[in-house]
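Here the sequence shown stands for residues 618 to 1072, where the numbers follow the working numbering. Quick notes on the structure that follows.
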Amino acid sequence: MDTVLSFIDRERARFVRELTEWVKIPAISSDPAHAPDLVRNAEHLRAELLRLRADKVEIWPTAGHPAVFAEWMKAPGKPTLLVYGHHDVQPVEPLEEWVSPPFDPAIREGRMWGRGVVDDKGQVWIHVKAIEAFLETVGALPINLKLVVEGEEEIGSVNLEALMTEKAKDLAADVVCVSDTAMFGRGIPSLCVGLRGLVYMEVIVEGPRQDLHSGSFGGGVMNPVNALCRMIARLHDDDGRVAVPGFYDSVVALTEAERAEIRGLPFDEPAWLASTGCPALHGETGYSTLERVWSRPTLDCNGIGGGHQGEGAKTIIPARASAKLSCRLVPHQEPEEIEAKLCAFLTSIAPPGVAVRVVRHHGGRPYLAPTDHPVFEVAKRAFAKAFGRPTVFIREGGSIPFVRTIADATGKPCLLMGFGQPDENAHAPNEWLDLENFHLGVKSAAHLYDELSRL
Ligand code: BES
Ligand code: ZN
């Protein structure tokens, strides 16, 4: 390992420069206009994997954006690790809030700033560089390794299940590792052992055929914006609980031991609140902030529209209104169950005088890791060697659809070894990657491969 680690030290600046080049490709998966950029993005990664002499490098087309696959299978008798990441990124609006351009990454304050630097290109690059470090020094990987990098994670991995069925043989492995989460804090190696799932839908409320004069018609017909707001107001009760009937039926409560473990983490709640800019905390009565975000389901309005949005006043009864709603799910809530319950509730509370339609978007299943599996001890050892500190077990409130899908399909454990930071501005303006973490991330990945070889 010494030669591998000194290679990582020596090549540190080059690894950062290379990541900069990849981040320059604006691979925004939600915008059809950027589809060619996702292809370029995948090809950029493929070229690097070919340079690293993978036994097999493939671009996997999907009905949407392509995935990239590579494998190094030259360690007979050793375990096979499947590493997953995603190469697509989130939109960048509002652009004027970026200190430096999202796709012209800058280095300031020991950080790289740009869209996708941490979510998830930087974390994919961590593995690519750990692989390189072995190949360029000892000439081989200590384990068998497969890498799959998806192009549609940020849009709900809509074509993933079909791809995974088709490529089940290629994806077979003993252990899965995903680096697409954050650490609990700077320098604190963290294994994420729980993810929330997701259900996303749009509710559309329609009234008159077209906007009406609110003087001539106001008071005589139902206003769709008023109707939608009444509906949204009924989604929660006064204790911050979701009011959809049966919403909590399949929620698994935290055990006392899990609550104690969460209480034991060095959580700086005032700093967490300050990082949001909100004037106060808010949430379901009876739970701490970390419990709310990690272990409780939510229902949120992500956006709402309808009626006059332009300058000045316009007196109308708008023809329609709509809202995008999403639920974060926790074990054992399944998207199908919650989608059905939410749909039924929305329909039942639609006020008379409007027509209500619900359009379903993507989803994802929640995940809980089997932490008693020996591979978690292996990951802790790797982290301890790279960071010199003990690992904490955390959960994340976010979702990564692949994780539950691969766990269900293979029954293998998934190590969520993330290298982001809680205030990294993922999905927001000024996303950043801590470069020291990036460096220690490459070392952690290298140690993980090495430790797994002795499993
Ligand atoms: N990297 C995130 C997942 C994540 C979120 C990890 C928050 C840690 C904290 C991932 O790229 C992501 O944003 N996923 C989407 C998935 C969704 C579109 C199904 C999410 O959580 O919104
Ligand atoms: Zn991500």
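For every residue, glycine included, the Cβ atom is placed at its ideal position computed from N, Cα and C.
Rounded separation between residue i and residue j - CA only
| i | j | result |
| --- | --- | --- |
| residue 872 | residue 879 | 11 angstroms |
| residue 869 | residue 670 | 46 angstroms |
| residue 883 | residue 948 | 25 angstroms |
| residue 975 | residue 809 | 34 angstroms |
| residue 701 | residue 745 | 11 angstroms |
| residue 655 | residue 1020 | 22 angstroms |
| residue 719 | residue 638 | 12 angstroms |
| residue 754 | residue 852 | 58 angstroms |
| residue 934 | residue 946 | 36 angstroms |
| residue 1033 | residue 841 | 44 angstroms |
| residue 640 | residue 742 | 11 angstroms |
| residue 897 | residue 1035 | 28 angstroms |
| residue 651 | residue 991 | 42 angstroms |
| residue 1046 | residue 893 | 13 angstroms |
| residue 862 | residue 977 | 19 angstroms |
| residue 988 | residue 876 | 16 angstroms |
| residue 887 | residue 716 | 25 angstroms |
| residue 643 | residue 756 | 34 angstroms |
| residue 629 | residue 926 | 49 angstroms |
| residue 959 | residue 952 | 10 angstroms |
| residue 632 | residue 714 | 28 angstroms |
| residue 895 | residue 1031 | 34 angstroms |
| residue 779 | residue 785 | 10 angstroms |
Cβ-based neighbour list, residue i, same chain, cut-off 7 angstroms, excluding 5 preceding and 5 following
| i | result |
| --- | --- |
| residue 775 | 681, 769 and 979 |
| residue 1109 | Because the chain in this structure spans residues 618 to 1072, residue 1109 falls outside the shown range and cannot be described. |
| residue 665 | 745 |
| residue 963 | 820, 848, 973 and 975 |
| residue 860 | 851, 852, 853 and 854 |
Residues near residue i by beta carbon distance below 8 angstroms, same chain, minus five either side
| i | result |
| --- | --- |
| residue 922 | 938, 939 and 940 |
| residue 826 | 936 |
| residue 902 | 856, 857 and 858 |
| residue 889 | 906 and 1039 |
Beta-carbon proximity check, residue i vs residue j, cutoff 8 angstroms
| i | j | result |
| --- | --- | --- |
| residue 796 | residue 740 | yes |
| residue 900 | residue 909 | yes |
| residue 936 | residue 823 | yes |
| residue 995 | residue 1069 | yes |
| residue 683 | residue 659 | yes |
| residue 1066 | residue 758 | yes |
| residue 997 | residue 793 | no |
| residue 771 | residue 647 | yes |
| residue 625 | residue 789 | no |
| residue 914 | residue 993 | no |
| residue 599 | residue 704 | Any answer about residue 599 is impossible in this case: the structure gives the chain only from 618 up to 1072. |
| residue 1064 | residue 1002 | yes |
| residue 1026 | residue 690 | no |
| residue 765 | residue 699 | yes |
Close beta carbons around residue i, own chain, < 6 angstroms, minus the five adjacent residues each side
| i | result |
| --- | --- |
| residue 981 | 814, 815, 1016 and 1018 |
| residue 1039 | 799 |
| residue 773 | 979 |
| residue 844 | 822, 968 and 971 |
| residue 673 | 688 |
Integer Cβ distance of residue i from residue j, believed to fall under 8 angstroms
| i | j | result |
| --- | --- | --- |
| residue 787 | residue 686 | 6 angstroms |
| residue 735 | residue 1048 | 6 angstroms |
| residue 688 | residue 762 | 7 angstroms |
| residue 783 | residue 911 | Their Cβ separation, rounded to whole angstroms, is 33 angstroms, which puts residue 783 and residue 911 out of contact at 8 angstroms. |
| residue 801 | residue 1011 | 5 angstroms |
| residue 1053 | residue 733 | With 8 angstroms as the limit, residue 1053 and residue 733 do not qualify as a contact, their Cβ atoms being about 19 angstroms apart. |
| residue 932 | residue 832 | 6 angstroms |
The ligand ZN: which residues have Cβ under 5 angstroms from any of its heavy atoms, chain order? 736, 737 and 797
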